[in-house]
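Asker:
Residue numbers (UniProt numbering): 1 to 243.
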């Protein structure tokens, strides 16, 4: 069964920060006008063709109510800490007598549908799948030598958790690399094991989409690169905690 999460706390936060977003909304309105003007010009050509989505860098999807949206229906996105999902639709939803525009995102791995206010998506770190070049860079990153992580597992867990929550592809790769090699030294505590499994799953899923490969193929690539990395020796006898 699909669970729908209607995050009322997010909706409330969006309402509370309405004033702070006024300038953003103004920019969005101007953006929509630019989109409309460009489309009108394009269609006026003698031999009109479909307007390329990458024709102009700032062109993005004009959703309901003419609002500029960073993602389109059917786009695959990464939701930090949750996984890779697909935008099913962009629709208006009313909570607590307030109507907002939401991305309806389906997360296949957890079989869950989440509603994310369009105005809050960037703040939550939701982003598109990385390009192939970035995906290849992330794989190479797995093979690079790295500094030792904190010996205290609780401290190490917090460092990696912060990286995981950021949602960046290289941050996620750093978590996978760190905990993979730590697990070869000593069995991971259950919390770290869960963190590793989550980070690995999201990283693998994104690589599948970015590289156009099947999970078994990506898994082979990931492990191949991970095995090339080595932990740098401790010089001073202490380990610095990354900021």
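Glycine residues also receive a C-beta, built at the ideal position from the N, C-alpha and C atoms.
1) Is it the case that the Cβ atoms of residue 84 and residue 205 are separated by a distance below 7 Å?
2) By the three-class DSSP mapping on this structure, what secondary structure does residue 91 have?
3) Per DSSP, what are the beta-bridge partners of residue 248 in this structure?
4) Specify, as a first and last residue, the run of the beta strand (DSSP E) that residue 104 falls within.
5) Consult DSSP for residue 199 and reduce its assignment to one of helix, strand or coil.
6) Looking only at C-alpha atoms, which of 228, 95, 233, 151 sits nearest to residue 186?
7) Tell me which residue opens and which closes the beta strand (DSSP E) that residue 114 is part of.
8) Can you name, in chain order, every residue of its own chain whose Cβ lies under 7 Å from the Cβ of residue 160, other than the five neighbours on each side?
9) Tell me whether the stretch 143-150 and the stretch 120-133 touch, counting them as touching only if at least three CB pairs, one residue from each stretch, are closer than 8 Å.
10) Apart from the five residues on each side of it in sequence, which residues of its chain come closer than 8 Å, Cβ to Cβ, to residue 208?
11) Could you work out which residue in 131, 92, 134 is closest to residue 117 when comparing CA atoms only?
12) Could you check the C-alpha separation between residue 127 and residue 79 for me, to the nearest Å?
13) Distance, Cα to Cα, residue 277 vs residue 169?
14) Decide if residue 24 is buried, meaning its Cβ has at least 16 other Cβ atoms within 10 Å, or exposed.
15) Using the beta-carbon count (16 or more within 10 Å), is residue 149 buried or exposed?
Answerer: Taking the structure as given:
1) Numbered from 1 along the chain shown, position 84 holds the residue referred to as residue 84. Numbered from 1 along the chain shown, position 205 holds the residue referred to as residue 205. It is a contact, given that the beta carbons lie within the stated cut-off.
2) Against the chain shown, residue 91 aligns to sequence position 91. Residue 91 falls in the strand class under three-state DSSP.
3) This structure gives no information on residue 248, because the portion of the chain shown stretches from 1 to 243.
4) Locating residue 104 in the chain shown gives position 104, counting from the first residue. Segment 98-107, the beta strand (DSSP E) holding residue 104.
5) By 1-based counting over the chain shown, the position of residue 199 is 199. In the structure shown, residue 199 sits in a helix (DSSP, three-state: H, G or I).
6) Numbered from its first residue, the chain shown carries residue 186 at position 186. It is 151.
7) Mapped onto the chain shown, residue 114 falls at position 114. Start and end: 112-117.
8) For the purposes of this step, residue 160 is taken as residue 160 along the chain shown, with counting starting at 1. Answer for residue 160: 175, 178, 179, 195, listed in chain order.
9) no
10) Here residue 208 is taken as the residue at index 208 of the chain shown, counted from 1. 214, 215, 218.
11) In the chain shown, the residue the question calls residue 117 occupies position 117. Per the Cα distances, 92.
12) Stepping through the chain shown from its first residue, residue 127 is reached at position 127. Stepping through the chain shown from its first residue, residue 79 is reached at position 79. Cα to Cα, residue 127 sits roughly 7 Å from residue 79.
13) There is no way to answer for residue 277, as the model of the chain reaches only from 1 to 243.
14) The count along the chain shown starts at 1 and reaches residue 24 at position 24. Its pLDDT being 41, under 50, residue 24 is placed unreliably in this model, and the value from its coordinates should be taken loosely. When all chains shown are included, residue 24 counts as exposed.
15) Counting from one through the chain shown, the residue named residue 149 turns up at place 149. It counts as buried.
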